[in-house]
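Participant: When the letters of the sequence shown are read in order and numbered with the working numbering, they come out as residues 3 to 310.
Cβ atoms here follow ideal geometry from the backbone N, Cα and C, with glycine treated the same way.
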Amino acid sequence: MKIYKYHQSVMLNESIQALNIDPDGTYIDATFGWGGHAQKILEKLNSGGRLIALDQDISAINDAKKNFEDSRLELIHSAFSNLKTLLDERNLCGKINGILMDLGVSSPQLDNPERGFSFNKNAALDMRMNQTTGISALQWLACADEAEIANVIYKFGEEKKSRSIARAIKKYQKTQTIKTTLQLANIISKVVKSKNKHPATRSFQAIRIFINQEITQLSEVLAQTPSILAPKGRLCVLSFHSIEDRVVKQFIQKHTKPSPLPKGLPIVQDTQKTKFKNLGKYFASKEELQHNKRSRSAILRVAQRTKF
Ligand SMILES: C[S@@+](CC[C@H](N)C(=O)[O-])C[C@H]1O[C@@H](n2cnc3c(N)ncnc32)[C@H](O)[C@@H]1O
């Protein structure tokens, strides 16, 4: 089994502990990436255990097929919004003991210039995690109008200069086509002044989230989890920015509160049932923060499916 040295899985021990692995259980790694978490899960399973791992990036799945040979592991090239359908096909809905989601992009995706995610490396402006479908950032920027670009950068990057950035992009496009990451990063850098971060950090994050429909994907898969998890099954989600963490937090809050009682009806016990028990939120240890840069923004939220 070969694990990529340059991808350090974030909060690895904490996530595995949070899954509370039953050695004979069935688990989902919805974001396989380079298999760091998956490998640890497999180490905790015995021969009766099972791990179903998804990734929408075909190169992650192809690499995993070469490097992971394990009869307990099933690798699926798919977006995780298809999870319930995939599990229905396997008659596994309601039987899953734990789901792990380690959101966003992996270091190999960011570091590979050809993928076009990084403002530090010159490449075609792609940004798709699934290169087999959808439109690239380059195609989107070519056809989106100024207001749409500004809205995306504001909504998914919380970038205060979103309007000025959109205006600068459209002005540039009057004379030239934006084809590369550095072209876009340079346009943004002329508008945004930032000491701590690269000026294009927020805008690149926003465009990536939009191109990959990350928030829609997350909301869709979360909504499926109550019917996927077995009683006491764990939901563990690692997020890396406030927008996705808010979605996870609100989902857990919604399902850990008893439903309001219908007015005027006699008290019915069923309406009091909640779908999850909130097991809290966790951050990377001081030690990890020192050697794993990505862990600085990580938040792990954990919830347990109730018995009902
Ligand atoms: C942070 S990496 C996961 C790293 C992995 N846990 C490890 O230890 O190697 C996130 C991975 O999730 C994948 N991904 C992101 N959104 C996805 C989605 N909606 N459906 C399926 N895979 C997704 C990305 O392609 C990427 O490979």
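1. Please say whether I190 and I98 have beta carbons closer to each other than 7 angstroms?
2. So, is L127 buried or exposed, given that buried needs 16 or more other C-beta atoms within 10 angstroms?
3. For the region 107–118 and the region 243–253, state whether three or more C-beta atom pairs, one from each stretch, are separated by less than 8 angstroms.
4. Return the chain-ordered ranges of every beta strand (DSSP E) run that is complete within the region 37–89 and spans a minimum of 3 residues.
5. Measure the C-alpha to C-alpha separation of Q59 and S80 and round it to an integer number of angstroms.
6. Can you give me the C-alpha to C-alpha distance between F119 and Q255, rounded to a whole angstrom?
7. Can you check whether the CB of I213 is closer than 7 angstroms to the CB of A144?
8. Could you check the C-alpha separation between P75 and G50 for me, to the nearest Å?
9. My output table needs one value for G159: the three-state DSSP class, helix, strand or coil.
10. Is A305 closer than 7 angstroms to L237 when the C-beta atoms are compared?
11. Reducing DSSP to helix, strand and coil, say where Q10 ends up.
12. Give the straight-line distance between the Cα atoms of F158 and V223, rounded to the nearest whole angstrom.
13. Tell me whether L56, by its Cβ, gets closer than 6 angstroms to a heavy atom of ligand 1.
14. Count the other CB atoms within 10 Å of the CB of S17; is the residue buried (16 or more) or exposed (fewer)?
15. If you run the structure through DSSP and keep just helix, strand and coil, what is K279?
Facilitator: So, from the data block:
1. In the sequence shown, counting from the first residue as 1, residue 98 sits at position 96. In the sequence shown, counting from the first residue as 1, residue 190 sits at position 188. Not closer than 7 angstroms, so no.
2. Your numbering for residue 127 matches position 125 in the sequence shown. Counting Cβ neighbours within 10 Å, L127 comes out buried, since at least 16 surround it.
3. no
4. 52–57 and 75–79
5. On the sequence shown, residue 59 is found 57 positions in, with the first residue counted as 1. On the sequence shown, residue 80 is found 78 positions in, with the first residue counted as 1. The residue asked about is misnamed: residue 59 is Asp in this sequence, not Gln. Going from the Cα of D59 to the Cα of S80 covers about 8 angstroms.
6. To locate residue 119, count along the sequence shown from 1; it is residue 117. To locate residue 255, count along the sequence shown from 1; it is residue 253. Rounded to whole angstroms, F119 to Q255 spans 32 angstroms at the Cα level.
7. Looking up residue 144 in the sequence shown gives position 142. Looking up residue 213 in the sequence shown gives position 211. Cβ distance not < 7 angstroms, so A144 and I213 don't count as in contact.
8. As a first step, residue 75 must be located in the sequence shown, where it is residue number 73. As a first step, residue 50 must be located in the sequence shown, where it is residue number 48. It is Leu, not Pro, that sits at residue 75 in the sequence shown. In a straight line, the C-alpha of L75 is about 11 angstroms away from that of G50.
9. Your numbering for residue 159 matches position 157 in the sequence shown. Correct three-state label for G159: helix.
10. Translated into the one-based positions of the sequence shown, residue 237 becomes position 235. Translated into the one-based positions of the sequence shown, residue 305 becomes position 303. Against a cut-off of 7 angstroms, the Cβ pair of A305 and L237 comes out as a contact.
11. For the purposes of this step, residue 10 is taken as residue 8 along the sequence shown, with counting starting at 1. Note: Q10 maps to coil in three-state DSSP.
12. By one-based count along the sequence shown, residue 158 stands at place 156. By one-based count along the sequence shown, residue 223 stands at place 221. Taking the straight line from one Cα to the other gives about 19 angstroms.
13. To locate residue 56, count along the sequence shown from 1; it is residue 54. Yes, the beta carbon of L56 sits closer than 6 angstroms to at least one heavy atom of ligand 1.
14. Position 15 of the sequence shown, counted from the start, is the residue given in the question as residue 17. Under this definition S17 is a buried residue.
15. Sequence index remark: in the sequence shown, residue 279 carries index 277 (1-based). If DSSP states are grouped into helix, strand and coil, K279 belongs with the strands.
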